[in-house]
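Under our numbering, the first residue of the sequence shown is numbered 172, with each subsequent residue one higher. This report concerns only the one structure given below.
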Amino acid sequence: MEAIPQTLTKETLTQETAKNPVRWGAAFRALLALAQDNDDTTHVFKIVDALRGDSERAPLARMKQTPIGRKIIDENRSLLDVLANREHLRTLPEDSLGRTYLAFMESEGLSADGLADASIEGYAGRRLDPELRTFTTWARDSHDLWHVLTGYGRDPLGELCLLGVLYSQINSTGTGFIALLGLLRVPFEYPGAPSIRAVFQGFRIGRKAESLMAQDWEALLARPFEEVRSELGLEPPTYYERSRPMHDASRSNSRAAVANAEAISA
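Here it is as structure tokens:
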């Protein structure tokens with residue numbers, strides 16, 4: 172697996188940094204829109220874009236210090252076509268990352284280009300330099316691969332925990348802001364569950380893992396899922412696994428289900 176340097180020289184950072192002011196007004200408007208329709212992912216991309224500033228320049232520079240990361244950026248590589256080709260994914264070994272990813276996408280009713288469509292609308296009118304655009308697109312298109320590999324689902328807590336992983340990996344100000352807002356909400360959606368611990372565990376998992384950005388995902392799709400997960404150093408999301416059954420049970424409004432879930436998580 173491709174390791175990534177954690178330190179940069181002052182000269183490297185200076186070369187990689189260009190001023191991109193944070194737009195608090197745009198972020199606030201997108202936040203209000205998200206509060207009215209929290210299922211519209213477009214608003215999330217608008218918040219991330221407005222608060223991005225230059226926070227992603229340093230992780231981009233670190234990514235470019237690795238052979239695979241440099242190749243991804245220099246070749247402007249994209250995952251979208253590979254992940255959208257379900258016929259090819261079905262030909263991969265049953266225990267492979269690609270087949271596990273495909274099963275996840277089909278069970279959730281997702282398409283590989285779903286986030287791409289939302290981000291295009293969310294980033295409308297904004298111009299990023301080519302390298303930063305490749306970096307953000309690579310992160311976006313690998314999002315559901317991260318879901319599969321980390322074990323975090325698409326419920327609110329799972330998405331929030333994955334934001335913790337993402338923030339630890341790329342240090343995006345917008346991602347951190349959304350994660351902070353989510354931390355204020357999850358205790359009410361997961362009453363009695365170790366939800367706050369689950370989110371902070373997500374931060375730790377992301378910090379301790381190999382870089383998920385500087386990976387040749389196309390090549391890894393055919394590899395055994397558990398082997399890839401182990402080599403990336405991704406620890407089991409134990410607090411999330413304890414929290415999710417309690418959330419699912421509380422939504423069912425079944426006292427018996429809640430009691431059973433509490434017994435399991437105890």
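From the three backbone atoms N, C-alpha and C, an ideal C-beta is built for every residue, glycine too.
Candidates the options: which alpha carbon is nearest residue i's?
{"i": "R415", "options": "S401, N191, P238 and G329", "result": "G329"}
{"i": "I243", "options": "L203, R304 and L260", "result": "R304"}
{"i": "R241", "options": "I341, A385, P395 and S366", "result": "A385"}
{"i": "G404", "options": "G373, Y410 and E412", "result": "G373"}
{"i": "D284", "options": "D220, P192, D315 and L351", "result": "D315"}
{"i": "L352", "options": "L203, A197 and W309", "result": "L203"}
{"i": "P327", "options": "A350, A393 and E398", "result": "A350"}
{"i": "D252", "options": "T308, R356 and P408", "result": "T308"}
{"i": "T409", "options": "T262, R400 and S366", "result": "S366"}
{"i": "R325", "options": "V193, Y411 and E258", "result": "Y411"}
Taking the alpha-carbon positions, what's the residue i to residue j distance?
{"i": "L254", "j": "M276", "result": "10 Å"}
{"i": "P238", "j": "W388", "result": "14 Å"}
{"i": "R368", "j": "C332", "result": "10 Å"}
{"i": "P264", "j": "A206", "result": "42 Å"}
{"i": "R375", "j": "S249", "result": "28 Å"}
{"i": "M417", "j": "F216", "result": "29 Å"}
{"i": "F348", "j": "G280", "result": "28 Å"}
{"i": "A232", "j": "R311", "result": "18 Å"}
{"i": "D225", "j": "E406", "result": "30 Å"}
{"i": "Q236", "j": "A229", "result": "11 Å"}
{"i": "S278", "j": "S313", "result": "18 Å"}
{"i": "N191", "j": "L391", "result": "34 Å"}
{"i": "A197", "j": "T213", "result": "13 Å"}
{"i": "R378", "j": "V357", "result": "22 Å"}
{"i": "D208", "j": "W195", "result": "20 Å"}
{"i": "A221", "j": "P301", "result": "18 Å"}
{"i": "Y361", "j": "L337", "result": "22 Å"}
{"i": "R394", "j": "R200", "result": "43 Å"}
{"i": "L355", "j": "L383", "result": "27 Å"}
{"i": "E398", "j": "F359", "result": "36 Å"}
{"i": "L260", "j": "S282", "result": "13 Å"}
For residue i, which residues does DSSP report across the bridge?
{"i": "P395", "result": "S267"}
Would you please state the rounded distance, in angstroms, between the beta carbons of residue i and residue j? I believe it to be under 8 Å.
{"i": "R223", "j": "S343", "result": "6 Å"}
{"i": "F396", "j": "D266", "result": "6 Å"}
{"i": "R413", "j": "A364", "result": "7 Å"}
{"i": "I218", "j": "G335", "result": "Actually they do not touch by this definition, with Cβ atoms about 16 Å apart."}
{"i": "I341", "j": "E227", "result": "6 Å"}
* Count the C-beta pairs between the stretch 255 to 274 and the stretch 310 to 325 that are closer than 8 Å, then say yes if the count reaches three, no if not. => Contact between the stretch 255 to 274 and the stretch 310 to 325 is present, because at least three Cβ pairs lie under 8 Å.
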